[in-house]
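These protein sequence lines map, in sequence, to chains A and B. Those letters in the first sequence? Residues 315 to 522, per the numbering used here, in order. Those letters in the second sequence? Residues 315 to 522, per the numbering used here, in order. Heads up, the beta-carbon is just placed ideally off N, CA and C, and yes, glycines get one too. Inspection log for the structure reproduced underneath, given as structure tokens.
Number of protein chains: 2
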Amino acid sequence: RKVLEKNDEIADEIRKELKSRKTFTLNLVSSPGSGKTTLLEQTISRLKPTHSISVIEGDVQTDIDAQRIDKLGVPVSQIVTNGSCHLEADMVRDAFEQLRHVSSQFLFIENVGNLVCTADFDLGEDLKVAVLSVTEGEEKPLKYPAMFRVAGVLIITKTDLVPYLGVSLETFRKNALTINPDLVVFEVSSKTGEGVDAWVSWLKQQVR
Amino acid sequence: RKVLEKNDEIADEIRKELKSRKTFTLNLVSSPGSGKTTLLEQTISRLKPTHSISVIEGDVQTDIDAQRIDKLGVPVSQIVTNGSCHLEADMVRDAFEQLRHVSSQFLFIENVGNLVCTADFDLGEDLKVAVLSVTEGEEKPLKYPAMFRVAGVLIITKTDLVPYLGVSLETFRKNALTINPDLVVFEVSSKTGEGVDAWVSWLKQQVR
Ligand SMILES: Nc1nc2c(ncn2[C@@H]2O[C@H](COP(=O)(O)OP(=O)(O)OP(=O)(O)O)[C@@H](O)[C@H]2O)c(=O)[nH]1
Ligand SMILES: Nc1nc2c(ncn2[C@@H]2O[C@H](COP(=O)(O)OP(=O)(O)OP(=O)(O)O)[C@@H](O)[C@H]2O)c(=O)[nH]1
Ligand SMILES: [Mg+2]
Ligand SMILES: [Mg+2]
Ligand SMILES: [Zn+2]
Ligand SMILES: [Zn+2]
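This is the structure in structure tokens:
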């Protein structure tokens with residue numbers, strides 16, 4: 315797998331540089347539409363008063379997500395992959411060029427919506443954050459295990475919809491922890507704000 | 315792209331055989347958890363009294379979906395890709411071996427949950443059916459256009475949840491038809507059954 319070796323070399327270079335800049339870097343991964351951008355909006359609005367933030371957005375087409383983040387007044391760079399179903403380290407290195415002039419305590423990388431091969435590519439992040447919405451079904455961690463194994467944090471989103479679905483948060487959590495017992499799990503609704511504060515205070519603890 | 319050429323050769327062989335068996339073959343594609351299996355359950359329960367059906371399930375891990383279909387009493391073969399984020403024609407050819415002894419008017423292939431590279435691989439189907447749930451966001455056709463371009467039918471699912479989301483079915487439809495004006499669009503709830511009859515009668519018309 316020559317591709318992954320080359321990718322990992324670039325990822326290590328990125329990580330070394332971000333460490334020297336004291337930037338905590340997160341790689342947000344999920345299925346399409348799980349709520350990554352909406353969660354970022356809620357997270358940034360709570361974090362921005364006390365911490366510096368920048369964002370790299372990754373999408374197959376359009377810069378719709380970057381426009382949403384730009385409205386929040388934080389530096390954002392959009393990668394358009396033109397067909398690739400995942401981000402790779404060289405894309406992140408190039409996008410970071412546009413952000414090099416700012417110093418950030420947090421760098422959020424929102425990956426392309428894909429629950430499978432985004433798990434394979436190291437982007438130089440400190441942590442992969444898997445985002446799983448309650449609307450996708452409780453058995454996703456069992457059916458798409460690699461992502462939940464490589465993630466450090468799992469955020470279960472759209473909890474405001476649980477009353478309208480025949481699902482249980484307990485089962486989501488149980489299935490995820492079966493695949494990876496070390497996962498730190500948050501349950502949030504980016505619509506009502508429920509659970510977002512716990513996630514944001516955990517983030518703040520990572521940069522003490 | 316040697317891989318795609320080889321894949322297309324096998325796909326053509328599959329299609330030739332299925333045509334000679336008078337089997338109408340559909341390739342269901344979507345993000346993870348959009349509701350493909352639940353829609354299949356609703357479709358099969360309405361179709362089974364009058365038509366013969368078989369199913370090929372594709373997943374990265376587990377046979378959870380095949381077990382759900384098996385309960386309906388139709389022949390089903392499960393492909394476990396062990397990591398590949400999409401089905402390929404050779405996997406379908408092998409899975410079809412287990413179904414060769416039955417003759418079916420419909421063969422449903424449920425692909426791995428992935429809105430990107432599943433668009434690139436011909437499996438020998440007559441038609442790709444894209445499934446998009448209202449919980450994923452209205453702009454998915456714009457952000458992941460290839461899938462909507464290659465599909466012949468779009469099924470918008472989970473319409474029972476629209477009242478709890480700030481989304482409009484009109485916008486889903488408009489965005490999808492912007493990418494592919496020839497798409498035949500259905501709006502269904504597999505939970506309430508709304509809209510499923512229109513989809514099933516369209517299917518029946520394909521095998522007259
Ligand atoms: N009810 C509810 N809806 C939500 C929540 N979070 C996101 N949504 C909705 O889910 C849809 C998708 O949200 P996004 O934030 O765009 O999802 P995403 O993961 O960034 O999507 P991609 O970048 O395309 O993969 C939108 O219609 C949002 O309004 C939530 O907590 N509750
Ligand atoms: N409210 C509502 N929930 C639905 C509907 N269809 C499916 N669901 C729920 O959505 C979740 C996922 O459904 P599945 O049918 O397993 O989705 P899938 O596309 O087959 O998932 P994968 O095969 O893993 O990609 C489950 O919790 C279902 O109960 C619907 O029409 N309305
Ligand atoms: Mg997004
Ligand atoms: Mg399924
Ligand atoms: Zn990929
Ligand atoms: Zn793939």
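query: Which stretch, first to last residue, makes up the beta strand (DSSP E) that contains Phe435 (chain A)?; result: Counting along the chain, Phe435 (chain A) falls outside any beta strand (DSSP E), and DSSP gives it neither H nor E.
query: Under the rule that 16 or more other beta-carbon atoms within 10 Å means buried, what is Asn341 (chain B), buried or exposed?; result: buried
query: Hey, how far is the Cα of Gln381 (chain A) from the Cα of Pro389 (chain A)?; result: 11 Å
query: From Gln419 (chain A) to Thr364 (chain A), what distance separates their C-alpha atoms?; result: 10 Å
query: Along chain B, in chain order, which residues have C-beta atoms closer than 8 Å to that of Ile378 (chain A)?; result: Glu453, Leu456, Lys457
query: Excluding sequence positions up to five away, which residues of its chain have a Cβ less than 8 Å from the Cβ of Val374 (chain B)?; result: Val394, Thr395, Asn396, Gly397, Ser398, Cys399, Val426
query: Candidates A:Ile383, A:Ser417, A:Phe435: which alpha carbon is nearest Asp404 (chain A)'s?; result: A:Phe435
query: Hey, how far is the Cα of Thr485 (chain A) from the Cα of Glu327 (chain B)?; result: 43 Å
query: Hey, which residues come within less than 5 Å of ligand 5, measuring from Cβ to any heavy atom, in chain order?; result: A:Cys399, A:His400, A:Cys431
query: Step through the CB atoms of chain B and report whether any lies within less than 8 Å of the CB of Ala460 (chain A).; result: yes
query: List the residues of chain A that Ser447 (chain B) touches, going by C-beta distances under 9 Å, in chain order.; result: Gly347, Thr449, Glu450
query: With a threshold of 8 Å between beta carbons, is Val369 (chain B) in contact with chain A?; result: no
query: Regarding Gly387 (chain B) and ligand 2, is the C-beta to nearest heavy atom distance less than 7 Å?; result: no
query: Following the continuous beta strand (DSSP E) through Lys442 (chain B), name the residue where it begins and the one where it ends.; result: 441-447
query: So, helix, strand or coil for Asp377 (chain B), using DSSP?; result: coil
query: Using the C-alpha atoms, what's the distance from Arg335 (chain B) back to Val481 (chain B)?; result: 43 Å
query: Give the range of the alpha helix (DSSP H) segment to which Leu354 (chain A) is assigned.; result: 350-361
query: Using 8 Å as the limit for Cβ to Cβ distance, is Gln375 (chain A) near chain B?; result: yes
query: Quick one, are the C-beta atoms of Ser348 (chain B) and Leu446 (chain B) less than 8 Å apart?; result: yes
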